[in-house]
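Read in order, the letters of the sequence shown are residues 107 to 391 in our numbering.
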Amino acid sequence: MTERAFWSGHMRLSLVTFPIRLFPATSARDKIVLHKYDRDSGQRIRYQNVDEKGEPVDPEDIIRGYEYEKGSFVPIEDQEIDNLKLESKHTIELVHFTDLASIDSIYFDAPYYVVPDGDIAQEAYLTLRDALRMSRKVALGQIVLRDKERIVAIKPCGKGLLMETLRYAYEVRQAEDYFDGIDPDAEIDDEQLALAEELINRKTAKFDPRKFKDVYQEGLKEIVNAKLGKRPVRLKKEPAAPEKVTNIMDALRRSLKQASSSSHSGSDKRKPIRKTRSTKQKTVV
Numbered sequence: 107m108t109e110r111a112f113w114s115g116h117m118r119l120s121l122v123t124f125p126i127r128l129f130p131a132t133s134a135r136d137k138i139v140l141h142k143y144d145r146d147s148g149q150r151i152r153y154q155n156v157d158e159k160g161e162p163v164d165p166e167d168i169i170r171g172y173e174y175e176k177g178s179f180v181p182i183e184d185q186e187i188d189n190l191k192l193e194s195k196h197t198i199e200l201v202h203f204t205d206l207a208s209i210d211s212i213y214f215d216a217p218y219y220v221v222p223d224g225d226i227a228q229e230a231y232l233t234l235r236d237a238l239r240m241s242r243k244v245a246l247g248q249i250v251l252r253d254k255e256r257i258v259a260i261k262p263c264g265k266g267l268l269m270e271t272l273r274y275a276y277e278v279r280q281a282e283d284y285f286d287g288i289d290p291d292a293e294i295d296d297e298q299l300a301l302a303e304e305l306i307n308r309k310t311a312k313f314d315p316r317k318f319k320d321v322y323q324e325g326l327k328e329i330v331n332a333k334l335g336k337r338p339v340r341l342k343k344e345p346a347a348p349e350k351v352t353n354i355m356d357a358l359r360r361s362l363k364q365a366s367s368s369s370h371s372g373s374d375k376r377k378p379i380r381k382t383r384s385t386k387q388k389t390v391v
């Protein structure tokens with residue numbers, strides 16, 4: 107693996123410690139990123155550190171602080187922040203184990219692949235992986251990433267381990283504050299519920315992320331390629347606005363009929379459109 111690790115350190119389970127490396131499990135590399143630039147000169151717009159009067163400030167003179175009232179700050183030095191971090195910045199200590207189902211999905215943040223660092227780490231790494239798989243548990247610990255202390259959950263993933271950072275309780279808004287107006291005792295018609303369940307069953311399939319398209323990103327790529335190729339932009343037509351639901355039962359019946367007809371026509375595979383790329387003109391893939 108030639109990719110540089112995002113984080114290197116150790117994982118510790120009681121008296122067992124072994125070296126690991128972390129790699130981000132997601133990537134934004136293929137996303138179109140837009141920049142700001144001057145329309146007339148074509149120069150990129152750069153931002154600099156300025157005070158409220160618009161005067162430039164040297165980076166060495168910039169510190170962080172907490173604004174306890176308008177215009178008044180408590181200064182916090184970098185050294186003071188460093189003293190707050192975990193005693194061991196480069197060790198993930200597994201201190202607790204739990205069922206994956208006990209962690210609400212709202213707490214999951216960012217995934218990372220955990221890789222053993224060297225042959226000497228393989229045995230302990232694989233032992234932990236298989237023990238987690240057999241016990242059907244996830245390991246919990248803490249780590250410092252990008253100067254922030256995070257809770258992490260570690261679980262088996264294919265041949266290896268996956269680490270996901272978790273949000274703290276104070277970072278998650280309480281659902282009760284937003285669902286307070288929903289009547290928990292509201293009764294739903296049995297037939298209506300059965301129709302909804304049947305619709306769900308007919309539309310149930312194994313999750314395949316390739317079937318979902320990022321319409322915004324695809325549109326940006328088409329705009330960029332059209333401008334580079336000096337041709338008209340060919341964007342897909344937006345779907346018609348959905349009808350306003352006036353009768354849920356009737357809408358469910360029509361939805362079931364539509365789902366049934368689409369499942370029969372799904373066997374007709376369209377021929378893929380072959381894309382050609384000019385050797386003279388740059389194209390965003």
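Where a beta carbon is used, it is the ideal one built from N, C-alpha and C, also for glycine.
**Test item: CB-CB of Leu-272 and Asp-215 under 8 Å** = Here residue 272 refers to the residue found at position 166 when the sequence shown is read from its first residue. Here residue 215 refers to the residue found at position 109 when the sequence shown is read from its first residue. A contact, by the Cβ cut-off of 8 Å.
**Prompt:** Just curious, the alpha helix (DSSP H) that Asp-296 is in, first and last residue?
**Reply:** By 1-based counting over the sequence shown, the position of residue 296 is 190. It spans 296-308 - the alpha helix (DSSP H) in which Asp-296 sits, taken as one unbroken run.
**Message:** So for Pro-181, helix, strand or coil by DSSP?
**Reply:** Within the sequence shown, numbered from 1, the residue matching residue 181 stands at position 75. Strand.
**Asked** How would you call Pro-181, buried or exposed, if buried means at least 16 neighbouring beta carbons within 10 angstroms?
**Response** The residue labelled residue 181 in the question sits at position 75 within the sequence shown. Counting other Cβ atoms within 10 Å of its Cβ, Pro-181 stays below 16 and is therefore classed as exposed.
**Message:** Three or more C-beta pairs under 8 Å: does that hold for the segment 243-257 against the segment 271-290?
**Reply:** Yes, since at least three Cβ pairs between the segment 243-257 and the segment 271-290 fall closer than 8 Å, the two stretches touch.
**Item:** Complete beta strand (DSSP E) runs within the segment 202-281 (minimum length 3 residues, chain order)
**Value:** The qualifying runs are 202-204, 214-222, 244-251, 254-263 and 266-272.
**Prompt:** Counting Cβ pairs, one atom from each stretch, are 3 or more of them under 8 Å apart for the segment 149-162 and the segment 296-304?
**Reply:** The answer is no - the segment 296-304 does not touch the segment 149-162, with fewer than three Cβ pairs under 8 Å.
**Item:** C-alpha gap between Phe-203 and Met-355, whole angstroms
**Value:** For the purposes of this step, residue 203 is identified with residue 97 of the sequence shown, where counting begins at 1. For the purposes of this step, residue 355 is identified with residue 249 of the sequence shown, where counting begins at 1. Distance between the alpha carbons of Phe-203 and Met-355 is about 45 Å.
**Message:** Quick check on Leu-190: buried or exposed, where buried means 16 or more other Cβ atoms within 10 Å of its Cβ?
**Reply:** Numbered from 1 along the sequence shown, position 84 holds the residue referred to as residue 190. Classified as exposed, Leu-190 has fewer than 16 neighbouring CB atoms from the shown chains inside 10 Å of its CB.
**Request:** State buried or exposed for Phe-124, treating a residue as buried only when at least 16 other CB atoms are found within 10 Å of its CB.
**Result:** Here residue 124 is taken as the residue at index 18 of the sequence shown, counted from 1. So Phe-124 ends up on the buried side.
**Message:** If you measure between the beta carbons of Leu-232 and Leu-305, is that distance less than 8 Å?
**Reply:** Along the sequence shown, one-based indexing puts residue 232 at 126. Along the sequence shown, one-based indexing puts residue 305 at 199. The answer is no: Cβ separation not under 8 Å.
**Request:** In the DSSP assignment, find the unbroken alpha helix (DSSP H) run with Val-330 in it and report its ends.
**Result:** Position 224 of the sequence shown, counted from the start, is the residue given in the question as residue 330. Per DSSP, the continuous alpha helix (DSSP H) segment holding Val-330 begins and ends at 321-334.
**Message:** Counting C-beta neighbours from all protein chains within 10 Å, is the total for Pro-222 16 or more, i.e. buried, or is it exposed?
**Reply:** Locating residue 222 in the sequence shown gives position 116, counting from the first residue. So Pro-222 counts as buried.
**Item:** N-terminal and C-terminal residue of the beta strand (DSSP E) that Ile-126 is part of
**Value:** The sequence position of residue 126 within the sequence shown is 20, counting from 1. Segment 122-130, the beta strand (DSSP E) holding Ile-126.
**Prompt:** For Gly-115, which residues does DSSP report across the bridge?
**Reply:** As a first step, residue 115 is located in the sequence shown; it is residue number 9 there, counting from the start. DSSP links Gly-115 through a beta bridge to Ile-126.
**Asked** From what residue to what residue does the beta strand (DSSP E) around Ile-198 run?
**Response** By 1-based counting over the sequence shown, the position of residue 198 is 92. Start and end: 197-199.
**Request:** Take Tyr-174 and list the residues in its own chain whose beta-carbon comes closer than 7 Å to its own, dropping the five residues that flank it on each side.
**Result:** For the purposes of this step, residue 174 is taken as the residue at position 68 of the sequence shown. Hits under 7 Å: Val-180.
**Request:** Measure the C-alpha to C-alpha separation of Thr-385 and Pro-217 and round it to an integer number of angstroms.
**Result:** To locate residue 385, count along the sequence shown from 1; it is residue 279. To locate residue 217, count along the sequence shown from 1; it is residue 111. Residue placement at Thr-385 is poorly supported in this model, since its pLDDT is 39, which falls under 50; the coordinates are not used for a value here.
**Request:** Return helix, strand or coil for Pro-162, following the three-state DSSP convention.
**Result:** In the sequence shown, counting from the first residue as 1, residue 162 sits at position 56. Per DSSP, reduced to three states, the secondary structure at Pro-162 is strand.
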